[in-house]
Amino acid sequence: KNEVEQSPQNLTAQEGEFITINCSYSVGISALHWLQQHPGGGIVSLFMLSSGKKKHGRLIATINIQEKHSSLHITASHPRDSAVYICAATSGNTGKLIFGQGTTLQVKP
Amino acid sequence: KAGVTQTPRYLIKTRGQQVTLSCSPISGHRSVSWYQQTPGQGLQFLFEYFSETQRNKGNFPGRFSGRQFSNSRSEMNVSTLELGDSALYLCASSSGGAGGAFFGQGTRLTVV
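In C-alpha cells:
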C-alpha cells in the first residue's frame, strides 16, 4: 500500500460542477501539499497545509490530521482546471516529498 | 523573487553517455530535492541536499548522483545512460523547515 493514496484516479466533470479530490496518508507528516500539473507542463504548488483549511480563488484545501485525510475542492469548475492534481506529504523537517498517484481531471465545456 | 531555475529544459542523449542537470533554488532556500517523473512510475524521489550535504536518498542506482554547492545550486548527474532514464527531472527548493516546496519547470531528458 502506498504511503499516500489519492482518489479518484480519473475524474470527468462538466463545466460549473463542484469537484472533490481526496488524499489519505499513512505516515506522520509535517505538511501536505497539493500540486497541479498541466499536460506537458511543470508542477505548480497550489497549497501547503499542516492544519485546517486554505482557500485561493475557486480552490479550497482542507486537512484532518486526526483522520490523516485531505481534500482539494474546486468550485465552479472550468475547462482550464483540466490537469493532474497530486497530493504529496513531507515528513519531519526535510524537503523530501512522498507523492500520491495523481488524479487526472478533465472538465468538459 | 526569482523562481527555481532548471537547465537545460530539454536534452537528448545517447545510451551510455552521461548527463548533468542543474537547479538553482529560490534565493535563501537551502534545501534542493530532485525527482524523476515517468509515465509508468509517476513521481519518484531521487535525493535531497541541504547545506551541501545529502540529507535523504531514494531508491535509485548509484548511476544517479548529485551535489550541492555553497550557493545552494545543485547538480544531478546520471552516468551510463539507459533508455529507461528518459523522464522529466524536477527539482524543488524549500527553506528546509516547514516552508513549502517550489518546483522548477523540469528538464526533459530523452535517451536514444
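Chains as they are written, first to last, in the working numbering: chain A, 572 to 680; chain B, 408 to 519.
In this text, a Cβ means the ideal position worked out from N, Cα and C, and glycines have one as well.
Owing to the predicted nature of the structure, the values given are computational and were not obtained by experimental measurement.
- Here the alpha carbons of A:W605 and B:S502 stand approximately 18 angstroms from one another.
- Counting only the Cα atoms, B:V439 lies some 18 angstroms from B:R416.
- Identification of chain A residues near B:R462 by a Cβ-Cβ cut-off of 7 angstroms yields T665, ordered along the chain.
- With contacts defined as CB atoms closer than 8 angstroms, A:R629 and A:A602 fail to qualify as a contacting pair.
- B:Y456 and A:G587 have their alpha carbons spaced roughly 43 angstroms apart.
- Taking 8 angstroms as the Cβ-Cβ cut-off, the region 414-445 of chain B approaches chain A at S438, V439, S440, Y442, given in chain order.
- With fewer than three CB-CB distances shorter than 8 angstroms, the region 472-482 of chain B does not count as touching the region 642-662 of chain A.
- Rounded to whole angstroms, B:F454 and B:K464 show a C-alpha spacing of 4 angstroms.
- In the displayed model, B:R462 falls within a strand according to three-state DSSP.
- Taking the Cα positions, B:Q424 is about 5 angstroms away from B:L488.
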